[in-house]
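K.L.:
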Amino acid sequence: MTSTSPSNEQAPLIIVGAGQAGAMAARALRESGYAGRLLLIGDERHAPYERPPLSKAVLSEPEPPALDLLPTGFPAEQGMELLTGRRVARLDPQGRRIQLDDGAWLPFRACLLATGGQVRTLPALPPGTPGVHYLRTLDDALRLRQAMRTADRMLVIGGGFLGLEVASTARAQGMAVTLVEQAPMLLGRAVPPEVSAWLAGRAAAYGIDLRLDARIGSLEARDGGVTAVLADGETLRAPLAVVSVGLVPEVALAQAAGLVIDARNGGVLVDAGCRSSAPGIYAAGDCASRREVGSDAGLRLESWQNANEQARIAAAAMLGVETHPAPQPWFWTDQFDCNIQMMGHGGSGTRYVARGDLSPGRDGGKALIFGVRDGLLAQLIAINAGGDLRAFRDLVGKPLACAPEALGDAAIPAKQLARLALGQARS
Ligand SMILES: Cc1cc2nc3c(=O)[nH]c(=O)nc-3n(C[C@H](O)[C@H](O)[C@H](O)COP(=O)(O)OP(=O)(O)OC[C@H]3O[C@@H](n4cnc5c(N)ncnc54)[C@H](O)[C@@H]3O)c2cc1C
11 MTSTSPSNEQ APLIIVGAGQ AGAMAARALR ESGYAGRLLL IGDERHAPYE RPPLSKAVLS
71 EPEPPALDLL PTGFPAEQGM ELLTGRRVAR LDPQGRRIQL DDGAWLPFRA CLLATGGQVR
131 TLPALPPGTP GVHYLRTLDD ALRLRQAMRT ADRMLVIGGG FLGLEVASTA RAQGMAVTLV
191 EQAPMLLGRA VPPEVSAWLA GRAAAYGIDL RLDARIGSLE ARDGGVTAVL ADGETLRAPL
251 AVVSVGLVPE VALAQAAGLV IDARNGGVLV DAGCRSSAPG IYAAGDCASR REVGSDAGLR
311 LESWQNANEQ ARIAAAAMLG VETHPAPQPW FWTDQFDCNI QMMGHGGSGT RYVARGDLSP
371 GRDGGKALIF GVRDGLLAQL IAINAGGDLR AFRDLVGKPL ACAPEALGDA AIPAKQLARL
431 ALGQARS
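Using this note's numbering, read the sequence shown as starting at 11 and increasing by one per residue.
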């Protein structure tokens, strides 16, 4: 069990942040048999909900889908105290207590920070400006959904995963969409150039007016719309602008409490068990930077699977239970009627071999891209090829016995090739 002082042995486990990681950690704690007091505290007014549909079905479906992360009745049945609409204002690691926004102090035996992140904002377009939207919360999505009903044109600023998804959803709703991205390539740090080029082609084929390598000279919100003047003098106007320029991890509590913050990515630095630098304090999800075994460098991921995995690991660590380490990171995105899945890590020195059809037209093609680094299968990227990715997933992170080019042989069925490569890798 977690080491606690005699005075707080009876105190509850407290989870700060009732989002993906927080809710999943609460669930994992109960499923692991922890029967003591458990508090899940979130500052949003909603019960814990899934965020991925916010840029997809919530904006497009006639009725927003159900997003609940916990089964109805779970908190009551499981004797869990769920406080919504309550902000944790302070963390006192030495005293093992937190302070709520009304000033009340609550002791804890262990505390999990699952505080996610805040959207990065543009000074010229502050949140709340008419016609300007940022997207992180359900309330943000409901506001955007409402605005999309009456607008015929959208300007998306930022071509990351989220900006692309919103652009795709808006276009599918019949809106004219211009997307401005300052980098010369889409997702240049996440995917290799051939996938980036495919994505740009796919967005264009879908009808997005894509502006890459575009510098915004000035931005102005006026008369309920937004005007962007590009560095080359072109003026773009839309009644609706969605700004999607990244996330700032929410680490205010941790920072004020003196926990070590990863200077590289702004996350709360944790070890493989999601333990922070302060005894009894853990962090998971978008706010956590997990130090890899044998490395000083932390890795902060913003994904649904990472939040779930770290929640499971943190819950086990809070109970002092051994657990298996996180599997290879996996991420998916749905955009332009295509499903893209990624597993493992790319990075410098990774060489890519494509298997299949990377043509952006018609239905977007179907391809599995293998990233090979230092003789290992470092990354898989599947475009409309989730089944093929599943066939190869056990190979990720393992040495390849075959030449990388052999993986690109589309004449051999995926499962057969995977079995062959897996057998070789195991031998
Ligand atoms: C629109 C959208 C689409 C996405 N699509 C995908 C996708 O397709 N695939 C994918 O893999 N990932 C996707 N993601 C990312 C994924 O949803 C996040 O990585 C995941 O939600 C992170 O979970 P978390 O618990 O760390 O943070 P969150 O889910 O953000 O939860 C953190 C919670 O903590 C609360 N909080 C913060 N500080 C305090 C405090 N002091 N007191 C109380 N509460 C506090 C916050 O308000 C928030 O409710 C998407 C995200 C968004 C926003």
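Note that beta-carbon positions come from the ideal geometry of N, C-alpha and C, so glycine has one too.
(1) Cα separation between residue 414 and residue 384?
(2) Of the choices 75, 56 and 360, whose alpha-carbon is the least far from that of residue 64?
(3) Classify residue 191: buried if its beta carbon has 16 or more other beta carbons within 10 angstroms, exposed otherwise.
(4) Can you give me the Cβ contacts of residue 437 inside the same chain, cut-off strictly under 8 Å, excluding the 5 residues immediately before and after it?
(5) Any heavy atom of ligand 1 inside 7 Å of the beta-carbon of residue 97?
(6) Under the criterion of a Cβ to heavy atom distance below 7 Å, does residue 271 qualify as lining ligand 1?
(7) Sorted by chain position, which residues of the same chain lie with C-beta nearer than 7 Å to residue 107's C-beta, five sequence neighbours on each side aside?
(8) Look at residue 392 and residue 399 and say whether their C-beta atoms are less than 8 Å apart.
(9) What is the DSSP secondary structure of residue 344, reduced to helix, strand or coil?
(10) What would DSSP say about residue 425, mapped onto helix, strand or coil?
(11) Is residue 266 buried or exposed, if buried means 16 or more other CB atoms sit within 10 Å of its CB?
(12) Answer yes or no: do residue 59 and residue 79 have a C-beta to C-beta separation smaller than 8 Å?
(13) In the DSSP assignment, the alpha helix (DSSP H) including residue 175 goes from what residue to what residue?
(14) Please find out if some non-hydrogen atom of ligand 1 comes closer than 7 Å to the beta-carbon of residue 297.
(15) Residue range of the alpha helix (DSSP H) that residue 398 falls in?
(16) Report the residue from 96, 248, 202 and 244 whose alpha carbon sits nearest the alpha carbon of residue 166.
(17) Alpha carbons only, please: which of 395, 373, 358 and 396 is nearest the one belonging to residue 381?
(18) My parser needs the beta strand (DSSP E) runs of 3 or more residues fully inside the stretch 20-94; what are they?
(19) Inspect the beta-carbon positions of residue 301 and residue 278 and report whether they are closer than 8 Å.
(20) Quick test of the definition: if touching needs 3 or more C-beta pairs under 8 Å, does the stretch 204-224 touch the stretch 88-99?
(21) If you check the beta carbons only, do residue 27 and residue 110 fall under 8 Å apart?
(22) Tell me which residues share the same chain as residue 325 and place their Cβ nearer than 7 Å to its Cβ, disregarding the 5 neighbours each side in the sequence.
(23) Quick check on residue 153: does DSSP put it in helix, strand or coil?
(24) Nearest CA to the CA of residue 50: which residue from 22, 290, 257 and 77?
(25) Determine the direct distance from the alpha carbon of residue 331 to that of residue 428, and round the result to whole angstroms.
(26) What did DSSP end up calling residue 231 once you bin it into helix, strand or coil?
(27) Smallest Cα separation from residue 322: which of 355, 285 and 356?
(28) My guess is that residue 1 and residue 298 are in contact by the Cβ rule of under 8 Å, so how many angstroms apart are they, rounded?
(29) Exposed or buried, residue 254, counting other C-beta atoms within 10 Å across all chains shown (16 or more means buried)?
(30) State the Cα-Cα distance for the pair residue 213 and residue 71, rounded to the nearest angstrom.
(31) To test your reading of the DSSP string, which unbroken beta strand (DSSP E) runs of 3 or more residues are found completely within the stretch 362-389?
P.N.:
Reading off the structure:
(1) Taking the first residue of the sequence shown as 1, we reach residue 414 at position 404. Taking the first residue of the sequence shown as 1, we reach residue 384 at position 374. It is roughly 11 Å from the alpha-carbon of residue 414 to the alpha-carbon of residue 384.
(2) For the purposes of this step, residue 64 is taken as residue 54 along the sequence shown, with counting starting at 1. Ranking the options by Cα distance to residue 64, first place goes to 75.
(3) Here residue 191 refers to the residue found at position 181 when the sequence shown is read from its first residue. Its Cβ being crowded by 16 or more others within 10 Å, residue 191 is buried.
(4) If you number the sequence shown from 1, residue 437 lands on position 427. Reliability fails at residue 437, whose pLDDT of 38 lies under 50, so the model's placement of it is uncertain and the value that follows must be treated cautiously. Contacts found: 411.
(5) Residue mapping note: residue 97 aligns to position 87 of the sequence shown, counting from 1. Flag set: Cβ of residue 97 near ligand 1.
(6) Translated into positions along the sequence shown, residue 271 becomes position 261. Ligand 1 never approaches residue 271 closely enough for any of its heavy atoms to be under 7 Å from the residue's Cβ.
(7) Here residue 107 is taken as the residue at index 97 of the sequence shown, counted from 1. Once the five neighbours on either side are set aside, the close Cβ partners of residue 107 are 115, 116, 117 and 118.
(8) Start at 1 with the first residue of the sequence shown, and residue 392 comes out as number 382. Start at 1 with the first residue of the sequence shown, and residue 399 comes out as number 389. In this structure, residue 392 lies near residue 399, with their beta-carbon atoms less than 8 Å apart.
(9) Numbered from 1 along the sequence shown, position 334 holds the residue referred to as residue 344. Annotated three-state conformation of residue 344 is strand, per DSSP.
(10) Mapped onto the sequence shown, residue 425 falls at position 415. DSSP places residue 425 in helix when its eight states are reduced to three.
(11) Position 256 of the sequence shown, counted from the first residue, corresponds to residue 266. Exposure of residue 266 is indicated by the presence of fewer than 16 other C-beta atoms within 10 angstroms of its C-beta.
(12) Reading the sequence shown from its first residue, position 49 is the one you call residue 59. Reading the sequence shown from its first residue, position 69 is the one you call residue 79. Taking 8 Å as the Cβ cut-off, residue 59 and residue 79 qualify as a contacting pair.
(13) Mapped onto the sequence shown, residue 175 falls at position 165. It spans 171-182 - the alpha helix (DSSP H) in which residue 175 sits, taken as one unbroken run.
(14) For this step, residue 297 is matched to residue 287 along the sequence shown. The nearest non-hydrogen atom of ligand 1 is less than 7 Å from the C-beta of residue 297.
(15) Locating residue 398 in the sequence shown gives position 388, counting from the first residue. 396-402 is the span of the alpha helix (DSSP H), which, as asked, contains residue 398.
(16) On the sequence shown, residue 166 is found 156 positions in, with the first residue counted as 1. Measuring from the Cα of residue 166, the nearest candidate turns out to be 248.
(17) The residue you call residue 381 lines up with position 371 of the sequence shown. Scanning 395, 373, 358 and 396 for the CA closest to the CA of residue 381 turns up 358.
(18) Segments of the beta strand (DSSP E) lying fully in the stretch 20-94: 23-26, 48-51 and 91-93.
(19) The residue you call residue 301 lines up with position 291 of the sequence shown. The residue you call residue 278 lines up with position 268 of the sequence shown. In this structure, the beta-carbon distance from residue 301 to residue 278 does not fall below 8 Å.
(20) They do not touch, by the three-pair rule.
(21) Counted from its first residue, the sequence shown places residue 27 at position 17. Counted from its first residue, the sequence shown places residue 110 at position 100. Between residue 27 and residue 110, the C-beta gap is not smaller than 8 Å, which leaves the two residues out of contact.
(22) By 1-based counting over the sequence shown, the position of residue 325 is 315. Listed in chain order, the non-local C-beta contacts of residue 325 below 7 Å within the same chain comprise 35, 38, 39 and 42, local neighbours out to five positions each way being set aside.
(23) Start at 1 with the first residue of the sequence shown, and residue 153 comes out as number 143. Three-state DSSP puts residue 153 in a helix.
(24) The count along the sequence shown starts at 1 and reaches residue 50 at position 40. If we check each option's Cα against that of residue 50, 22 comes out closest.
(25) Taking the first residue of the sequence shown as 1, we reach residue 428 at position 418. Taking the first residue of the sequence shown as 1, we reach residue 331 at position 321. If you draw a straight line from the Cα of residue 428 to the Cα of residue 331, it is about 34 Å long.
(26) Here residue 231 corresponds to residue number 221 of the sequence shown, with the count starting at 1. In the structure shown, the three-state DSSP call for residue 231 is strand.
(27) Reading the sequence shown from its first residue, position 312 is the one you call residue 322. Of the candidates 355, 285 and 356, the residue whose Cα lies closest to the Cα of residue 322 is 285.
(28) The shown model of the chain, from 11 to 437, leaves out residue 1, and the question about it has no answer.
(29) The residue you call residue 254 lines up with position 244 of the sequence shown. With 16 or more Cβ atoms within 10 Å of its Cβ, residue 254 is classed as buried.
(30) Taking the sequence shown and counting its residues from 1, the one referred to as residue 213 is at position 203. Taking the sequence shown and counting its residues from 1, the one referred to as residue 71 is at position 61. Using only the alpha carbons, I get a separation of about 21 Å.
(31) Fully contained in the stretch 362-389 are the following beta strand (DSSP E) runs of length 3 or more, in chain order: 376-383.
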